[in-house]
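Colleague: Taking the numbering used here, I'd label the letters of the sequence shown as residues 3 to 515.
Backbone N, C-alpha and C define an ideal beta-carbon position, used for all residues, glycine too.
Small disclaimer: the values here were computed from a predicted structure and weren't measured.
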Amino acid sequence: MKNFCTKHKKGLIALVIVAVLVVALGFYVKKVMKQAQDLLASLQEQTAIAEDRDLSNVVAAVGSISSVSSEQPIANVMNNKVEKITVNVGDRVNEGDLICVLSSDDLVADLEDANRTLKNTQSSTNISVRSASRTLSEVQTDVAINKERNDKKLSDSKKKVEDYENLKNQSGDMYANAIAEAGKYEKLVKEAQKKVDDLTKALATTDVSGGELVDANVELTAARKELETLSAAYSAAQSAASQHLANYNSLVATINELEGSYDTIKQSNEDAARSAESKIASSKDSVSTANISKDNSLMTAEKSVENLEKQIEACNVYSPISGVVTKILVNEGDKYAGSAIMLIEDVSSYEIVTMIDEYDISKIEVGQKAVIKTNGTGDEILDGHVKSVSPRGESANGAVSYKVVVAVDTKNDNLRLDMTAKLSIIINEKKNVLTVPYEAVQYDTDGISYVEVKKEDGTYEREDVTTGIANDFYIEITAGNIKEGTEIKVPRDPSDALDLSSMMIAVDDGGGF
3 MKNFCTKHKK GLIALVIVAV LVVALGFYVK KVMKQAQDLL ASLQEQTAIA EDRDLSNVVA
63 AVGSISSVSS EQPIANVMNN KVEKITVNVG DRVNEGDLIC VLSSDDLVAD LEDANRTLKN
123 TQSSTNISVR SASRTLSEVQ TDVAINKERN DKKLSDSKKK VEDYENLKNQ SGDMYANAIA
183 EAGKYEKLVK EAQKKVDDLT KALATTDVSG GELVDANVEL TAARKELETL SAAYSAAQSA
243 ASQHLANYNS LVATINELEG SYDTIKQSNE DAARSAESKI ASSKDSVSTA NISKDNSLMT
303 AEKSVENLEK QIEACNVYSP ISGVVTKILV NEGDKYAGSA IMLIEDVSSY EIVTMIDEYD
363 ISKIEVGQKA VIKTNGTGDE ILDGHVKSVS PRGESANGAV SYKVVVAVDT KNDNLRLDMT
423 AKLSIIINEK KNVLTVPYEA VQYDTDGISY VEVKKEDGTY EREDVTTGIA NDFYIEITAG
483 NIKEGTEIKV PRDPSDALDL SSMMIAVDDG GGF
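#1: Following the continuous alpha helix (DSSP H) through residue 145, name the residue where it begins and the one where it ends.
#2: Secondary structure at residue 340, three-state DSSP: helix, strand or coil?
#3: Identify which residue in 56, 51, 87 has its Cα closest to the Cα of residue 343.
#4: According to DSSP, is residue 324 helix, strand or coil?
#5: Quick one: what does DSSP say residue 80 is sitting in, helix, strand or coil?
#6: Considering Cα atoms alone, identify which of 168, 288, 346 is closest to residue 98.
#7: Would you grab the beta carbon distance between residue 1 and residue 455 for me? Rounded to a whole angstrom, and I think it's under 8 Å.
#8: What residues are listed by DSSP as bridge partners for residue 59?
#9: DSSP state of residue 473, grouped into three classes?
#10: As a quick exercise: from 472, 423, 402, 466, pick the residue whose alpha carbon is nearest that of residue 433.
#11: Is the stretch 268–282 close to the stretch 138–149, with three or more CB pairs under 8 Å?
#12: Per DSSP, what kind of secondary structure is residue 226 in: helix, strand or coil?
#13: Is residue 305 near residue 351, with beta carbons less than 9 Å apart?
#14: Where do the ends of the beta strand (DSSP E) carrying residue 385 lie?
#15: According to the Cβ coordinates, are residue 60 and residue 390 closer than 9 Å?
#16: Please identify the residue among 106, 482, 404, 201 whose C-alpha is closest to the C-alpha of residue 226.
#17: Using the beta-carbon count (16 or more within 10 Å), is residue 331 buried or exposed?
#18: Note the first and the last residue of the continuous beta strand (DSSP E) segment covering residue 484.
#19: Comparing alpha-carbon positions, which option in 312, 249, 319 lies nearest residue 74?
#20: Does the Cβ of residue 51 have 16 or more other Cβ atoms within 10 Å, making it buried, or fewer, making it exposed?
#21: Going by beta carbon distance, what residues of the same chain come within less than 6 Å of residue 451, once the five residues before and after it are set aside?
#22: For residue 176, I'd like the list of residues in its chain whose CB is within less than 7 Å of its CB, leaving aside the five on either flank, ordered along the chain.
#23: Nearest CA to the CA of residue 403: which residue from 428, 378, 366?
#24: Which class does residue 262 belong to by DSSP, given the choice of helix, strand or coil?
#25: Quick one: Cα of residue 396 to Cα of residue 112, how far?
#26: By Cβ distance below 8 Å, which residues in the same chain neighbour residue 329 in space, the five residues on each side in sequence not counted?
#27: Can you round the beta-carbon distance between residue 416 and residue 356 to whole angstroms, since I take them to be within the 8 Å contact cut?
#28: Excluding the five sequence neighbours on either side, which residues of its own chain have a C-beta within less than 7 Å of the C-beta of residue 89, listed in chain order?
#29: Between residue 250 and residue 162, is the Cβ-Cβ spacing less than 9 Å?
#30: Out of 165, 231, 70, 58, point me to the one whose CA is closest to residue 324's CA.
#31: Which residue from 198, 437, 459 puts its Cα closest to that of residue 484?
#32: Run through DSSP, which three-state label would residue 421 get?
#33: Buried or exposed for residue 386, going by 16 or more other Cβ atoms inside 10 Å?
#34: Using 8 Å for Cβ pairs, my map puts residue 2 next to residue 79. What's the rounded Cβ distance?
#35: Residue 424 and residue 461: beta carbons closer than 9 Å?
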């Protein structure tokens, strides 16, 4: 046995040491497990004090600093050589400063040609207008002369008709008088004839002689002579009546002819007047056409001059805004192709462009306050507000997010474009409200919220509460029988406790093995 111990001395010593270590480790593990259980129990029964504090609910995001506005000036010309760039990247420019000069030699030559064309167009179109105006004046003069002649011819014809109407009326009056005269003589002839007949009958039936017979014959002779005279007068009156009737009928026929001639002249005058109106209208149209052609031709020529003047003016490019030149996109000597010449950004104020995921975007509204920090501004907190929220999302790697622009309200000379900015958008906030730790509020099976208030004897009593806004750490108590300084239980879920190894490390740090 002694030899065995001597022979295996080192092994036995090692075995003893291992045995001692195992025993020591057993005692240590038992001690650590008890301390861990005590620590877990203390964690599960942690308390907190209800306190008044400012509370806010935020959505955190990261974005980059950008300018509020920017411009990429272009020139309204093409294929002109870039003669000079008058600024460099980083230069500050004011609105209206000259930033680029393009060659205008070809445009100046084209402008001289365009001005000559304009002058020639003015001369030729003026000649056309004057010619059309002269033709119109001649037509109007001819129409006026012909109208005067036709009006006189019509007036003369009308007067002739009126004169013959007067003659016809006179002839009718004479015929009526002749008829009346013939009627008067007809009556006298009849009376004279009766007297002759009576005397003749008396002589034939009466026995007269001597002087009475002579007297009777004398009286009969006188009666016959008077009858003859009256018959001649009656015949003359009838002849005069016939002549006047013939004259009257002749005048009626002549008047009919004159009236036909008058109607013909009147119709001819009306036709001539319509023709004259048409000629005048046509000549006026020619004048209008000449003026329109003049205006169109001049407009085209003047537009060509104006466009060339604008292109020459556009060869000098001026800054549209005040800001900083951040990029120059063309080189001197290049043929300008109509693209942006440079990028000028207004850095008098800044904004932040960030992306908010679809889970939080419904909380974001225009006008909400934001607090901002950047590496360039150190620990200084900058104020801002939500300027815009995109209505459409952008998908990347299966996730949807929305573009949100936050205006930076605090001025800071250390801000630079493209700096990374960390920001918190304040969804809601309240000043000096009663709060408890978020984990202190529990919910029963009916969904009623409550806290456990610690009593003087160390036990806990349930107190129903109504909650308000909350963040990741604290929640507002808006109703319930608690006040500032009330001690309440903060229960912990064992699954959220530290694992055993962590607790062992924690105990060891406190002076264990």
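Modeller: So, to answer that:
#1: 107–207
#2: If DSSP states are grouped into helix, strand and coil, residue 340 belongs with coil.
#3: 87
#4: coil
#5: coil
#6: 346
#7: The question about residue 1 has no answer here: the residues shown for the chain are numbered 3 through 515.
#8: 430
#9: coil
#10: 472
#11: Judged by Cβ distances under 8 Å, the stretch 268–282 makes contact with the stretch 138–149, as three or more pairs qualify.
#12: helix
#13: no
#14: 384–398
#15: no
#16: Residue 201 is the option with its Cα nearest to residue 226.
#17: exposed
#18: Per DSSP, residue 484 belongs to no beta strand (DSSP E) and is neither H nor E.
#19: When each option's Cα is compared against that of residue 74, the closest is 319.
#20: Result: exposed.
#21: 443, 445, 467, 469
#22: Cβ within range, chain order: 246.
#23: 366
#24: The answer is helix: DSSP assigns residue 262 an H, G or I state.
#25: 50 Å
#26: 91, 344, 345
#27: Not confirmed; about 20 Å, so no contact.
#28: The beta carbon of residue 89 sits closer than 7 Å to the beta carbons of 95, 101, 327 from its chain, once the five residues preceding and following it are set aside; these are given in chain order.
#29: Against a cut-off of 9 Å, the Cβ pair of residue 162 and residue 250 comes out as no contact.
#30: It is 70 whose Cα lies nearest to the Cα of residue 324.
#31: 437
#32: coil
#33: Buried, since its Cβ has 16 or more Cβ neighbours within 10 Å.
#34: Residue numbering for the chain in the displayed model covers 3 to 515; residue 2 lies beyond these limits and cannot be assessed.
#35: no
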